[in-house]
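For the sequence shown, our numbering begins at 10 and goes up steadily by one.
Glycine included, C-beta positions come from ideal geometry on N, C-alpha and C.
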Amino acid sequence: MLEERGIEHAAGSQAWLRRTLEEIVSQVRRLLDVTGVSFLVVDEAHAHISPAASWFASDAVRDAFVPVLDRPYEPERAGVTEAAVETGRPVLIERIEGWPGASGLHDRLFENLEAAAAERLWDWYSSSSFLSCPVRTRD
10 MLEERGIEHA AGSQAWLRRT LEEIVSQVRR LLDVTGVSFL VVDEAHAHIS
60 PAASWFASDA VRDAFVPVLD RPYEPERAGV TEAAVETGRP VLIERIEGWP
110 GASGLHDRLF ENLEAAAAER LWDWYSSSSF LSCPVRTRD
């Protein structure tokens with residue numbers, strides 16, 4: 010019985026988290042002029058990143074970013090997610106070319122994605138600003 014309760018609590022907790030994140034995504038869309046919002050979850054072992062809630066302004070933006078939302082966690086060639094998690098504080102990247110991790114991110118994209126997908130995504134990175142904030146939950 011207790012074991013079943015734990016399972017129900019975990020499932021309920023995950024549903025609550027998803028609803029909460031979807032509401033935050035909705036509020037960000039209303040308050041800021043953004044082309045995308047995504048909450049990603051890093052597993053406990055810091056081995057994998059997966060999406061928890063996302064919104065993109067167009068299919069083109071979604072198509073560009075979906076390939077990197079569910080992927081290995083790679084701090085040595087950090088994306089904006091790893092940059093925030095590793096420092097433990099928000100990271101604002103106004104211009105990707107000026108960001109110290111740009112070359113590692115570029116290399117990772119072109120090694121792990123088809124050339125056309127990597128080029129499309131790098132074009133978005135090159136023409137956009139990014140804000141990544143670590144959010145910790147008890148789960």
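Taking the alpha carbon of Gly9 as the point to measure from, which residue in Ala126, Ala125, Glu91, Gly97 has its own alpha carbon closest? A question about residue 9 goes unanswered here, because the residues of the chain that appear run from 10 up to 148.
Evaluate Arg98 with the Cβ neighbour count: other Cβ atoms within 10 Å of its Cβ, from every protein chain shown; 16 or more gives buried, anything less gives exposed. It counts as exposed.
Tell me which same chain residues have a C-beta within less than 6 angstroms of the C-beta of Val34, skipping the five on either side of it? Closer than 6 angstroms at the Cβ level, and outside the excluded window around Val34, lie Val46, Ala62, Trp64.
Have a look at His55 and Asn121 and give me their C-alpha separation to the nearest angstrom. Rounded to the nearest angstrom, the two C-alpha atoms are 19 angstroms apart.
Check whether the segment 79-95 touches the segment 123-130, counting contact only when three or more Cβ pairs, one atom from each stretch, lie closer than 8 angstroms. The answer is no - the segment 123-130 does not touch the segment 79-95, with fewer than three Cβ pairs under 8 angstroms.
Gly88 to Arg39, Cα distance in whole Å? Cα to Cα, the separation comes out at about 26 angstroms.
Following the continuous alpha helix (DSSP H) through Ser135, name the residue where it begins and the one where it ends. For Ser135, the enclosing alpha helix (DSSP H) begins and ends at 124-135.
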